[in-house]
Amino acid sequence: MSLFRPNWQALAALLATLLSLTALPYTAGMSAQFSLAVAVLLAAGAIVSMLRLAAGLEALVLLVASFGAASMLIAGLAGATGTASAGYFASLVAAWLLGWRLVTVLSGDGSRTGQTAGIVAITVPALFGIWVLILWECIVRGAGVPFVLLPPPSAIGLRIGNSLPILAADFRQTVLKAVLFGYVVGSLTGFLVAILADRFRFFANGLLPVGNMVSALPMIGIAPVMVIWFGFDWQSKAAVVIVMTFFPMLVNTLAGLAASSDMERDLMRTYGAGHWQVLMKLRLHAAMPFIFNALKINSTLALIGAIVAEFFGTPIVGMGFRISTEVGRMNLDMVWAEIALAAVVGSLFYGALALLERTVTFWHPSYRR
Amino acid sequence: MPETVISAQNLDLTFETNDGPVHALKDITLDIAEGEFVSLIGPSGCGKTTLLRVIADLEKPTGGTMSVNGMTPEQARLARAYGYVFQQAALLPWRTIEDNVGLPLEVMGLDRATRTERIRSNLALVNLAGFEKKFPWQLSGGMQQRASIARALAVEPAMLLMDEPFGALDEIVRDHLNEQLLKLWAKTKKTVVFVTHSIPEAVFLSTRIVVMSPRPGRIHEIIDCDLGPDRPLDIRETPEFLKIAHQVREGLKAGHSYDE
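So the sequence lines, in the order shown, correspond to chains S and D.
Using my numbering, read the first sequence as starting at 1 and increasing by one per residue.
Using my numbering, read the second sequence as starting at 1 and increasing by one per residue.
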């Protein structure tokens, strides 16, 4: 049995490290010795990780080498923005490859069960996200990308930390008022109208073409109209969100109400069940996967709608307002801070809905255990 | 003389389709007495399922009269005079087995104590005690179909309408369920109307076999099946059994040419 267990990520990392030695020092802020220390750490990590080690030990070696090197590379950029040599990027690639290897080792053969599987399910995407940030930071600062084009994540993080009260006020204005109100009212009316349209068919026949037309209206067009109708404050944004979320819910609920099978409906008929009994005991349950689809679609639509609607007149608070004014003032870190906030809010919103969906439609073939 | 519970007089049913009218039932006249086990047998398209659905008021006849328990089929349906078992179990996947059996009882508005008692006794009747908390997809096909029979029985109907209930199951499970169904019938004395396309199944279970033929769907022949109440599976090798089976087969052949 051979002592080594080569893999392409570690071999490539070793190669990149050797290449980086041709362009020492890495940055104007790093001495040749400090650069060499990074290279040694990377090379040692690559070689040791290829030894036949237990998976846990191999992961630890990779973790120390990749993140140790990455933090040294970031530290080496202090006061030396835009001075990175080709060697700097070669060693960055080496560190990233070891990080990749780490994720591969953690993912294993996919046969993990129980608790370890849960831990891996969280760490793998987390490591992936951290590496996106590291690469972004090092490339933007190392190559000296202008701040206006793309600020480094550290600057965005600093801006978030220094602007918490502003972000909180924008969050309250846009999410807690416009999005939440519009989302709840839009989805709820879409749902109720679907129930009525299903009961009284002529209602559906008249309403669906009109609804189709409303859903085709460009949001950019109706937002200023809503501002004129409902004023500058959050009510006009909520109105835009209502218009945007109403129709997806209506259409999906109607489709869902048709999802139960003929046999299931015949079954309820043999029990002499009335319309509302069939609705409550059969058709609404069968419609749940469709309704959750609409809720998830609407969660993103509502956030987009509220933010964009704020471009057309708003009091001096709100995520959309902040983005449009800070862009004008070239404060791109603030713009990115709002983008980050919107991304986090959107993901949490969507994730909470997906979790709820699993609980409610546990019986659906895609969730059965 | 037992009372007639299902009576069809000159029943006609024509479906209007895009390809023109389809004569699903033509001039059906049939009386079924209380406590009988009547099988409807025939090739596909002979209207056996349609006839069962007319009895159940799932289809409206276009001619003739149908009475169920002396009422119109609709009145009988609303009075929950029958329990219907479909080709598939059609258990609702979001309900446990006990809640599925309790579904018709909830629709009927029975109180919780009555529901619990009927669920318990009917699950025991089909040998599914202990599976109350399972979900349908966790059970085998045969067990699901037994649960659906328990659900039909929970209504405590005077008659059972069964539409090829074991058609989707394998032979061994099917034999087993046939035996259980016979025992159930002997115990509960319910009137059963049973749709099948299996000759052995029809002869094994029935007191009378209605042989139907297609295009238009009509009754070709009614064969008495007097094998007595006690029928072990072995009876299928006896000369009496084979004689009736032969008679049914001849009837099916005469009423339906495969060269059409």
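Even glycine gets a Cβ: it sits at the ideal position worked out from N, Cα and C.
As the structure is a prediction and not an experimental result, all values here were calculated from the model.
Under the criterion of beta carbons closer than 8 Å, D:P61 and D:V54 qualify as touching, at roughly 5 Å.
Taking 8 Å as the CB threshold, S:R269 lines the interface with chain D. Following the DSSP letters along the chain, one finds D:R208 inside the beta strand (DSSP E) bounded by residues 208–213. Along the stretch 78–90 of chain D, the positions whose C-beta sits under 9 Å from a C-beta of chain S are L78, A79, R80, Y82, G83, Y84, F86, Q87, Q88, A90, read in chain order.
For D:D163, the three-state secondary structure derived from DSSP is strand.
In this structure S:D170 is in contact with S:R322, their Cβ atoms being roughly 5 Å apart against a cut-off of 8 Å. According to the DSSP assignment, S:D266 belongs to the alpha helix (DSSP H) that extends over 262–270. Membership of S:Y88 in the alpha helix (DSSP H) is indicated by the continuous run 86–107. Counting along the chain, the unbroken beta strand (DSSP E) around D:G83 starts and ends at 82–85.
Look at D:G42 here: in three-state DSSP terms it is coil, with no helix or strand label. Taking a 10 Å sphere around the C-beta of D:D111, we find fewer than 16 other C-beta atoms and assign the residue as exposed. Around D:F135, the beta-carbon contacts reaching into chain S at under 9 Å are F362, W363, R368.
Contact of S:H285 with chain D is assigned, a C-beta pair being separated by under 8 Å. The C-alpha of D:T65 lies about 7 Å from the C-alpha of D:N10. Under DSSP, S:F171 shares a beta bridge with no residue. Apart from the 5 residues on each side of it in sequence, D:M162 sits with its Cβ closer than 6 Å to the Cβ of V85, F194 in its chain, given in chain order. Contact with chain S is absent for D:A154, since none of that chain's Cβ atoms lies less than 8 Å from the residue's Cβ. Taken through DSSP and simplified to helix, strand or coil, S:I339 comes out as helix.
Comparing alpha carbon positions, the residue from S:S91, S:V93, S:L127 closest to S:S107 is S:L127.
At least one CB of chain S lies nearer than 8 Å to the CB of D:E106. Around the beta carbon of D:I244, 16 or more other beta carbons sit within 10 angstroms, so the residue counts as buried. In this structure the stretch 9–21 of chain S touches the stretch 98–105 of chain S; the number of beta carbon pairs closer than 8 Å is three or more. Chain S places no beta carbon closer than 8 Å to that of D:P214, leaving this residue out of the contacts. Taking CB atoms only, S:A258 has no neighbour in chain D less than 8 Å away.
Distance check between S:L176 and each of S:K237, S:A194, S:I119 places S:K237 closest, using alpha-carbon atoms only. Burial of D:F166 is indicated by the presence of at least 16 other C-beta atoms within 10 angstroms of its C-beta. When DSSP states are grouped into helix, strand and coil, S:S299 belongs to the helix group. DSSP places D:I6 in the strand class (E or B) of the three-state scheme. For D:G64, the enclosing beta strand (DSSP E) stretches over residues 63–68. Put simply, the backbone Cα of S:H285 is about 26 Å away from that of D:A168.
Residue contact check for S:L282 against chain D: a CB pair falls below 8 Å.
The C-beta of D:A56 comes closer than 8 Å to at least one C-beta of chain S. Contact between the stretch 83–92 of chain S and the stretch 12–22 of chain S is present, with at least three C-beta pairs closer than 8 Å. Between S:V179 and S:A28, the CB-CB gap reaches or exceeds 8 Å.
By the CB criterion at 8 Å, S:R141 and S:P125 fall outside the cutoff. Annotated as proximal: D:T96 and D:E132, with beta-carbon spacing under 8 Å.
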